[in-house]
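Visitor: Dropping a structure here in structure tokens format, bear with me for questions.
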């Protein structure tokens, strides 16, 4: 199961209720932070998340509202006795940005880190899921990401009981797709287990409509997408290369998305009512993100 915590749901200008961009995704032992806007470490404290728990940082692009929180976060992680090396992913140019980032102030307690520049495609893989990136169409190099759980087997307890199986290594091996011998009889995985399809979580960062965004959205169980403005000022969104709320909702509708969460909200919108109304005109199963909102998938 994945847990998603929205640490920042605003865009360029923070407000009293919306911080700069930051989304924490927890899956098993991994705590992955997608973007790190200014003030994210404070948002973590409020949300009860220890900075030292972060295992990976995935950067969509290097506009300030998505990265100004990195030095502070990494300093706090050092102060919290972070024991590992932080693995960081970002678009081309990220290594150069990091090289200059810590020259801009008297860096103290900066943790060990490793930067990987990503074009698109596979980002990393664990035993339980893969993360892939797609290019967005923005004013600077920008990536969107998708986390896809691997299909897994679950035990049908009633069938297992008929075969004389209870908890033990045999069931574990069957869940891994291996046949076992019990009392001289071969039991195949399909005899007592069934396949559970993995979930797909996608994050569409700052972009205009493009192939990469549609690929991320396709068949997503949860699509988190920017929707900076309402369509009444779509010219402004186009000028700064952002999606409108309408764009995000139509993208979800056309790509068989199960649920949409709209984030990266302009400060001109004080309440989510109008944003939600426009989104529901094109896609019903939608939520407007709020800071500290949690969602389980």
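Numbering (the working numbering), first residue to last: 1 to 297. Each residue gets a CB set at the ideal place from its N, CA and C atoms; glycine is no exception.
1) Do you know how far the Cα of residue 41 is from the Cα of residue 234?
2) Counting only C-beta atoms, is residue 42 closer than 9 Å to chain B at any point?
3) Report the option in 258, 259 and 289 whose CA atom is closest to the CA atom of residue 273.
4) Let me know the beta strand (DSSP E) ranges lying completely inside the stretch 204-242, each 3 residues or longer, listed in chain order.
5) Which runs of the beta strand (DSSP E), 3 residues or longer, sit entirely within the stretch 125-167?
6) Output the residue ranges of the beta strand (DSSP E) runs that lie fully inside the stretch 39-93 and measure 3 residues or longer, sorted by chain position.
7) Using CA atoms only, rank isn't needed, just tell me which of 83, 79 and 63 is closest to residue 94.
8) Buried or exposed for residue 194, please, with buried defined as at least 16 other CB atoms from any protein chain shown within 10 angstroms of its CB.
9) Using the beta-carbon count (16 or more within 10 Å), is residue 217 buried or exposed?
10) Can you list, in chain order, the residues of its chain whose CB lies under 7 Å from that of residue 111, leaving out five sequence neighbours each side?
11) At what residues does the beta strand (DSSP E) containing residue 187 begin and finish?
12) Tell me the DSSP bridge mates of residue 3?
13) Pair every Cβ in the stretch 30-41 with every Cβ in the stretch 243-258, then say whether three or more of these pairs are closer than 8 Å.
14) Can you tell me whether residue 172 is helix, strand or coil according to DSSP?
15) Taking the beta carbon of residue 129 as the centre, do at least 16 other beta carbons fall within 10 Å, making it buried, or is it exposed?
16) So if DSSP puts residue 200 in a beta bridge, which residue, or which two residues, is it bridged to?
17) So which of 155, 145, 153 and 199 has the shortest CA-CA distance to residue 225?
18) Per DSSP, what kind of secondary structure is residue 32 in: helix, strand or coil?
19) If you measure between the beta carbons of residue 149 and residue 56, is that distance less than 9 Å?
20) Excluding sequence positions up to five away, which residues of its chain have a Cβ less than 8 Å from the Cβ of residue 105?
21) Using only the alpha-carbon positions, how far apart do residue 119 and residue 91 sit?
Guide: According to the structure data:
1) One-based indexing of the chain shown puts residue 234 at position 234. One-based indexing of the chain shown puts residue 41 at position 41. Distance between the alpha carbons of residue 234 and residue 41: 33 Å.
2) Of the protein chains in the structure, only one exists, and it is not chain B.
3) Looking up residue 273 in the chain shown gives position 273. Taking only the C-alpha atoms, the option nearest residue 273 is 289.
4) 222-226
5) 129-135, 143-149 and 152-155
6) 56-58 and 86-91
7) Counting from one through the chain shown, the residue named residue 94 turns up at place 94. Comparing Cα positions, the closest option is 63.
8) Position 194 of the chain shown, counting from 1, holds the residue named residue 194. Exposed, because fewer than 16 other Cβ atoms sit within 10 Å of the Cβ of residue 194.
9) By 1-based counting over the chain shown, the position of residue 217 is 217. Buried: at least 16 other Cβ atoms inside 10 Å.
10) Along the chain shown, read from residue 1 onward, the residue named residue 111 stands at position 111. Cβ neighbours of residue 111 beyond the five flanking positions: 74, 77, 78, 82 and 86.
11) The count along the chain shown starts at 1 and reaches residue 187 at position 187. First-last of the beta strand (DSSP E) with residue 187: 185-187.
12) Locating residue 3 in the chain shown gives position 3, where the first residue counts as 1. In DSSP, residue 3 forms a bridge with 26 and 296.
13) no
14) As a working mapping, residue 172 is identified with position 172 in the chain shown. Residue 172: helix per DSSP, three-state reduction.
15) Along the chain shown, one-based indexing puts residue 129 at 129. Classification of residue 129: buried, given that the 10 Å Cβ count is 16 or more.
16) Taking the chain shown and counting its residues from 1, one reaches residue 200 at position 200. Residue 200 pairs with 148.
17) For this step, residue 225 is matched to residue 225 along the chain shown. Minimum Cα distance to residue 225 is reached at 145.
18) For the purposes of this step, residue 32 is taken as the residue at position 32 of the chain shown. The answer is strand: DSSP assigns residue 32 an E or B state.
19) What you label residue 149 is simply residue 149 of the chain shown in a count that begins at 1. What you label residue 56 is simply residue 56 of the chain shown in a count that begins at 1. Not in contact: residue 149 and residue 56 (Cβ atoms no closer than 9 Å).
20) To locate residue 105, count along the chain shown from 1; it is residue 105. Cβ within range, chain order: 71.
21) Translated into positions along the chain shown, residue 119 becomes position 119. Translated into positions along the chain shown, residue 91 becomes position 91. In a straight line, the C-alpha of residue 119 is about 6 Å away from that of residue 91.
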